[in-house]
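Chemist:
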Amino acid sequence: MADQYEVSKAGAAALGIPSLRWEELPEGPVVVLLDQTRLPAEEAELVCTDVPALVQAIRTLAVRGAPLLGIAGAYGVALAAARGFDVDEAAESLAHARPTAVNLGYGVRRAAAAYRAAAGRGAGARAAAAALAEARALHAEDIEAGARMAEQGLGLLGELLPGGGHRILTHCNTGALVSGGEGTAFAVVRAVHRAGELRRLWVDETRPLLQGARLTAYEAARAGMAYSVLADGAAGSLFAAGEVDAVLIGADRIAADGSVANKIGSYPLAVLARYHHVPFVVVAPTTTVDLETEQGADIEVEQRPGSEVTELSLPPGGGSGAGSGAVIAVAPLGAQAYNPAFDVTPPELVTAIVTEAGVVSPVTRDGLARMCSTSRWSKSRSGNGMMAE
433 MADQYEVSKA
443 GAAALGIPSL
453 RWEELPEGPV
463 VVLLDQTRLP
473 AEEAELVCTD
483 VPALVQAIRT
493 LAVRGAPLLG
503 IAGAYGVALA
513 AARGFDVDEA
523 AESLAHARPT
533 AVNLGYGVRR
543 AAAAYRAAAG
553 RGAGARAAAA
563 ALAEARALHA
573 EDIEAGARMA
583 EQGLGLLGEL
593 LPGGGHRILT
603 HCNTGALVSG
613 GEGTAFAVVR
623 AVHRAGELRR
633 LWVDETRPLL
643 QGARLTAYEA
653 ARAGMAYSVL
663 ADGAAGSLFA
673 AGEVDAVLIG
683 ADRIAADGSV
693 ANKIGSYPLA
703 VLARYHHVPF
713 VVVAPTTTVD
723 LETEQGADIE
733 VEQRPGSEVT
743 ELSLPPGGGS
753 GAGSGAVIAV
763 APLGAQAYNP
773 AFDVTPPELV
783 TAIVTEAGVV
793 SPVTRDGLAR
803 MCSTSRWSKS
813 RSGNGMMAE
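Numbering (our numbering), first residue to last: 433 to 821.
1) Please classify residue 542: does DSSP put it in a helix, a strand, or coil?
2) Could you check whether residue 497 and residue 610 sit closer than 8 Å to each other, using their CB atoms as the reference points?
3) Could you tell me the distance, in whole angstroms, from the CA atom of residue 751 to the CA atom of residue 472?
4) Per the contact definition of three or more C-beta pairs closer than 8 Å, is the stretch 725–737 in contact with the stretch 701–710?
5) With C-beta atoms as the reference, is residue 742 less than 8 Å away from residue 758?
6) Rounded to the nearest angstrom, what separates residue 679 and residue 700 at their Cα positions?
7) Can you list, in chain order, the residues of its chain with a C-beta nearer than 6 Å to that of residue 597? Leave out the 5 residues immediately preceding and following it.
8) Could you tell me the boundaries of the alpha helix (DSSP H) in which residue 517 lies?
9) Helix, strand or coil for residue 731? Go by DSSP, reduced to three states.
10) Can you tell me the Cα-Cα spacing of residue 764 and residue 539, whole angstroms?
11) With distances taken Cα to Cα, identify the nearest neighbour of residue 457 among 479, 470, 474, 467.
12) Assign residue 722 to one of three DSSP states: helix, strand, or coil.
13) Which first and last residues belong to the beta strand (DSSP E) in which residue 685 is found?
14) Where does residue 754 sit, in a helix, a strand or coil, going by DSSP?
15) Report back the beta-carbon spacing between residue 664 and residue 687 to the nearest angstrom; my notes put them in contact at under 8 Å.
16) What ranges does the beta strand (DSSP E) occupy inside the stretch 614–697, keeping only unbroken runs of at least 3 residues that lie completely in it?
17) Given 8 Å as the limit, is there contact between the stretch 551–571 and the stretch 634–653, that is, 3 or more CB pairs closer than that?
18) Under the rule that 16 or more other beta-carbon atoms within 10 Å means buried, what is residue 762, buried or exposed?
19) With 16 other CB atoms within 10 Å as the buried threshold, where does residue 805 fall?
20) Checking the sheet assignment: what are the DSSP bridge partners for residue 452?
Quick look at the structure:
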């Protein structure tokens with residue numbers, strides 16, 4: 433039976449299928465994912481019965497997005513514990529499935545710590561239950577954080593852009609597909625839309641795997657928003673034409689100095705926004721703030737396979753003809769490709785960072801540390817990330 437924290441009511445309404453859920457089957461518990469590689473053509477679920485399957489889903493971006501990766505990592509530890517696998521080995525594998533998103537390791541550490549604490553007091557079943565309870569708690573916290581970020585972001589835009597009628601440019605996907613609730617930056621967009629103040633959402637197609645065109649447009653269409661998809665390289669012409677009032681993006685890791693790692697193409701948007709005097713706003717939970725990473729240059733940037741640039745892959749079941757699931761070459765055979773998944777935006781180009789705990793503007797090391805220290809989160813003793821008090 434699914435638990436109450438697997439997706440909020442708002443998140444469930446935003447998606448046809450929950451992005452992630454824990455399910456108890458007769459043959460044992462499983463983690464069930466909405467396979468995001470098949471969207472928007474098909475809403476299909478991926479059932480993970482063990483940690484290697486979940487790790488593969490993370491690496492292939494079947495499940496993705498900083499907050500949801502943290503939740504998936506925590507449930508992965510709970511899955512290993514419940515099925516009697518080596519929890520330490522599972523935690524190590526999960527934590528290193530993708531290097532840039534700090535939430536993944538954070539979620540893994542929380543569930544693993546709960547498991548070890550309970551294991552020291554007795555039976556393995558109790559320890560497995562403790563890991564699952566911690567995963568559920570993290571899931572619930574993410575739902576709450578999303579709602580608070582939406583509220584904070586809506587208020588900030590009201591201050592920065594009085595009068596409404598906002599034309600917002602967003603990059604990658606930051607909605608219900610990346611969280612237990614309504615997401616991060618897209619949750620703010622949704623709040624603007626509900627308030628009747630969204631004139632147009634500009635959706636960058638976004639590499640890798642066109643996560644804006646496939647996923648953000650999917651969520652925008654379900655929400656009934658006025659939106660347009662554009663090639664990443666077309667954003668400059670929109671700024672030049674005065675068609676962008678604000679840029680809203682998410683983050684996969686925020687360093688202690690306020691540098692923001694986000695999907696590749698975010699940094700050029702920040703430069704464009706600064707030149708055209710347009711607010712550039714980052715929306716992310718405090719779990720994405722990594723005070724152990726001193727500066728942006730210290731963030732490890734994931735390098736994706738070059739084939740994602742040199743080939744076009746059609747998802748299985750994504751079309752009605754024989755071409756479904758096919759691979760089409762879009763560059764000469766043997767062409768070399770540069771395909772980083774993320775870039776890093778320096779804090780001086782960021783107008784504000786919006787979290788569930790408050791807004792940091794201007795973005796400074798002291799301001800970010802102060803916001804984290806006065807929130808419900810405190811610095812983890814176990815490494816990168818934040819730990820709930």
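Positions of the beta carbon are idealized from the N, C-alpha and C atoms, including for glycine.
Modeler: Working from what's here:
1) Indexing the sequence shown from 1 puts residue 542 at position 110. Helix at residue 542.
2) As a first step, residue 610 must be located in the sequence shown, where it is residue number 178. As a first step, residue 497 must be located in the sequence shown, where it is residue number 65. Result yes, Cβ atoms of residue 610 and residue 497 sit closer than 8 Å.
3) Residue 751 sits at position 319 when you count from the first residue of the sequence shown. Residue 472 sits at position 40 when you count from the first residue of the sequence shown. Confidence at residue 751 is low in this model, with a pLDDT of 47, below 50, so the placement of that residue is unreliable and no value is reported for it.
4) no
5) Counting from one through the sequence shown, the residue named residue 742 turns up at place 310. Counting from one through the sequence shown, the residue named residue 758 turns up at place 326. No, the pair does not count as a contact, with Cβ atoms beyond the cut-off.
6) Counted from its first residue, the sequence shown places residue 679 at position 247. Counted from its first residue, the sequence shown places residue 700 at position 268. Answer to the nearest angstrom: the Cα atoms are 12 Å apart.
7) Sequence index remark: in the sequence shown, residue 597 carries index 165 (1-based). Within the same chain, residue 597 has close Cβ partners 631.
8) As a working mapping, residue 517 is identified with position 85 in the sequence shown. No alpha helix (DSSP H) holds residue 517; DSSP gives it neither H nor E.
9) Position 299 of the sequence shown, counting from 1, holds the residue named residue 731. Three-state result, residue 731: coil.
10) Stepping through the sequence shown from its first residue, residue 764 is reached at position 332. Stepping through the sequence shown from its first residue, residue 539 is reached at position 107. Approximately 41 Å, taken between the alpha carbons.
11) Along the sequence shown, one-based indexing puts residue 457 at 25. That would be 479, whose Cα lies nearest to the Cα of residue 457.
12) To locate residue 722, count along the sequence shown from 1; it is residue 290. Strand.
13) As a first step, residue 685 is located in the sequence shown; it is residue number 253 there, counting from the start. It spans 685–687 - the beta strand (DSSP E) in which residue 685 sits, taken as one unbroken run.
14) Counted from its first residue, the sequence shown places residue 754 at position 322. Per-residue confidence for residue 754 stands at a pLDDT of 42, beneath the threshold of 50, marking its modelled position as unreliable; no derived number is given.
15) On the sequence shown, position 232 is the one that residue 664 refers to. On the sequence shown, position 255 is the one that residue 687 refers to. Not a contact, Cβ separation roughly 24 Å.
16) 630–636, 659–662, 678–681, 685–687, 692–695
17) no
18) Counting from 1 along the sequence shown, the entry for residue 762 is found at position 330. By the neighbour-count rule (16 or more Cβ atoms within 10 Å), residue 762 is not buried but exposed.
19) Translated into positions along the sequence shown, residue 805 becomes position 373. Exposed is the call here.
20) Sequence index remark: in the sequence shown, residue 452 carries index 20 (1-based). The partner list for residue 452 (beta bridge, DSSP) reads 465.
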